[in-house]
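Under numbering that gives the first Met the number 0, read the sequence shown as residues 0 to 195, first letter to last. For every residue, glycine included, the Cβ atom is placed at its ideal position computed from N, Cα and C.
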Amino acid sequence: MLLGGRAAEALIFGDVSGGASNDIKRATDIAKQMVTQLGMSDILGPRCFGTGQEEVFLGRDFSSQQDYSDETAAKIDIEIHEIIREAYNKAISLLQEHIEKLHFLADYLVKHEIMDGDQFRTVMEKDAPTVEEIEEIAAAKKRRSSDANNNAASAAESDKESVQDGLPDPDDKDDFTLGELDDVEDEDDTQSEDNK
Numbered sequence: 000m001l002l003g004g005r006a007a008e009a010l011i012f013g014d015v016s017g018g019a020s021n022d023i024k025r026a027t028d029i030a031k032q033m034v035t036q037l038g039m040s041d042i043l044g045p046r047c048f049g050t051g052q053e054e055v056f057l058g059r060d061f062s063s064q065q066d067y068s069d070e071t072a073a074k075i076d077i078e079i080h081e082i083i084r085e086a087y088n089k090a091i092s093l094l095q096e097h098i099e100k101l102h103f104l105a106d107y108l109v110k111h112e113i114m115d116g117d118q119f120r121t122v123m124e125k126d127a128p129t130v131e132e133i134e135e136i137a138a139a140k141k142r143r144s145s146d147a148n149n150n151a152a153s154a155a156e157s158d159k160e161s162v163q164d165g166l167p168d169p170d171d172k173d174d175f176t177l178g179e180l181d182d183v184e185d186e187d188d189t190q191s192e193d194n195k
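Shown next as structure tokens:
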């Protein structure tokens, strides 16, 4: 997936830019881990190469120490190159196989700028999706979100009203309540005098 953008550039424009540089770095890092840390190389076998210095605090950078020969280092480089080459060729092949969908996605994104996962899955799973179908997915999500927000607001308002229904009205000067308050004040005065 990391090489898809560069592969699409090469396929559509016949040239590549530096826009995929971070993707290439990440793909290279993953391939290197596959070969040197995870033992995912048929040629080199299930072995870990290099000892990492993982003390990245106190201003130090992550580094690794080579504990293998230059010949093995060359094999590691070849394996990393082969993994990336295979992934890139697979990306080109998939894009060629689905070129109409690539053009559809590009046109849609030029017009709308964003596309969510459900919209993308619909494009990839349907034979010939329409722009209207993809727009309807976003509109339906927006309606569901709006309905959920309205329901949550209504529930919160109902909860607030039910709490307020259980509280006495501050404007209602109930003599009984005032009488109870007078009794409490009298008790406090009596206790204060007893303590003297």
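A Cβ-Cβ contact shorter than 8 Å links I82 with A30. Around the beta carbon of F48, 16 or more other beta carbons lie within 10 angstroms, which makes this residue buried.
Judged by their CB atoms, D106 and A137 are not nearer to each other than the 8 Å cut-off.
For the options E85, G44, N21 and V130, the alpha carbon positioned closest to that of T71 is the one of G44. Considering only I11, D117 and A19, the residue with the shortest C-alpha distance to R5 is A19. F12: member of the alpha helix (DSSP H) spanning G3 to F12, first to last residue. With distances taken between CA atoms, Q95 lies nearest to L10 out of L10, L2, D66 and S144. In the structure shown, Q32 adopts helical secondary structure according to DSSP, grouped into three states. Fully enclosed alpha helix (DSSP H) runs of no fewer than 4 residues occupy 69-96 of the segment 64-97, in order along the chain. DSSP places T50 in the strand class (E or B) of the three-state scheme. A residue is called buried once 16 or more other Cβ atoms fall within 10 Å of its Cβ, and T129, having fewer, is exposed. By the Cβ test, the segment 24-41 is in contact with the segment 73-89, since at least three Cβ pairs between them sit closer than 8 Å. Exclusion of the five residues before and after V15 leaves R5, E8 and A9 as the residues of its chain whose Cβ lies within less than 7 Å of its Cβ.
By alpha-carbon distance to L1, the top candidate from G13, A26, F12 and G17 is A26. Q65 and G3 have their alpha carbons spaced roughly 32 Å apart. Here L104 has M114, F119 and V122 as same chain residues with Cβ atoms under 8 Å from its own Cβ, once five neighbours each way along the sequence are excluded.
Relative to I98, the option among S157, D146, R46 and A127 whose CA is nearest is A127. Per the coordinates, the alpha-carbon of A139 lies some 54 Å from the alpha-carbon of A73. For D126, no alpha helix (DSSP H) segment is defined, and its DSSP state is neither H nor E.
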